[in-house]
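For reference, the structure discussed in these notes is given below.
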Amino acid sequence: MNKPMLDDATRYQLLKLLTEHPESTQRELAAAMGVSLGKANYCLKALVDKGLVKMGSFRSNPNKGVYAYLLTPEGVQEKARVTVRFLHRKMAEYDALQAEIAALRREVDDLASSGLDAERGAA
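Residues 8 to 130 (the numbering used here) make up the sequence shown, in order.
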C-alpha cells in the first residue's frame, strides 16, 4: 500500500499554520487543516524528516510534553517556494473559473435572446 504524498496544498497549509501557531498540538493542527490526526502526524513527520521543521520543547513549561514546531531555515525557504507555487496554481484556477463563468453567461444570454426562460429552465 502506498503512503499518501505530501502535496503542495497540504505542505503550504501546514507550514503556514506552523509559522503562525508553532505551539499547536497535532490535534489542533489536524482540526485546523480538516484532516485526521493520523494524516497530521504523517505530514509533520515528513516535514521533520526533510529537515524543514524541528520539534522543540518549552523548557519553561512544567508540562515537558508541550512541544513547539519550528521551521528551520530550509523550512522557511521551502515555505516561500511552496507559497509561490500555490499562488500560481490558485491564479490559474481563478482564470479558468472566470473563463467558465464568461462562457456560461454567453450561453444564458443566447438562451434569453432566443426567447427561452433561462431563469426557470423552462422552454
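Using N, Cα and C, we set each Cβ at its ideal position, and we do this for glycine too.
Taking residue i as the reference, which of the options has the closest Cα?
i	options	result
residue 64	55, 57 and 74	74
residue 42	55, 13 and 28	13
residue 62	77, 56 and 49	77
residue 26	111, 80 and 56	80
residue 7	123, 89, 114 and 121	Outside the modelled stretch of the chain, which goes from 8 to 130, sits residue 7, for which no answer is possible.
Assuming residue i and residue j make a contact with CB atoms under 8 angstroms, what is their CB distance in whole Å?
i	j	result
residue 51	residue 82	Their Cβ separation, rounded to whole angstroms, is 12 angstroms, which puts residue 51 and residue 82 out of contact at 8 angstroms.
residue 39	residue 22	Between residue 22 and residue 39 the Cβ distance is about 13 angstroms, and since that is not below 8 angstroms, they are no contact.
Could you name the residues that DSSP lists as bridge partners for residue i?
i	result
residue 75	63
Could you tell me if residue i is buried or exposed, where buried requires 16 or more neighbouring beta carbons within 10 angstroms of its beta carbon?
i	result
residue 101	exposed
residue 18	buried
residue 85	buried
residue 120	exposed
residue 105	exposed
residue 37	buried
Which residues in the same chain as residue i place their Cβ atom closer than 6 angstroms to its Cβ, once the five residues preceding and following it in sequence are excluded?
i	result
residue 35	none
residue 129	Caution is warranted here: a pLDDT of 49 is assigned to residue 129, below 50, making its placement in the model unreliable, and no coordinate value can be reported.
residue 53	13
residue 8	In this predicted model, residue 8 has a pLDDT of only 44, less than 50, meaning its place in the structure is not dependable enough to derive any value.
residue 109	none
CB-CB under 7 angstroms to residue i, same chain, minus the five flanking residues each way: which ones, in chain order?
i	result
residue 30	75
residue 33	44, 47, 48 and 51
Output needed for residue i: all residues of its chain with C-beta closer than 8 angstroms, excluding positions within five of it in sequence on either side, in chain order.
i	result
residue 56	none
residue 98	none
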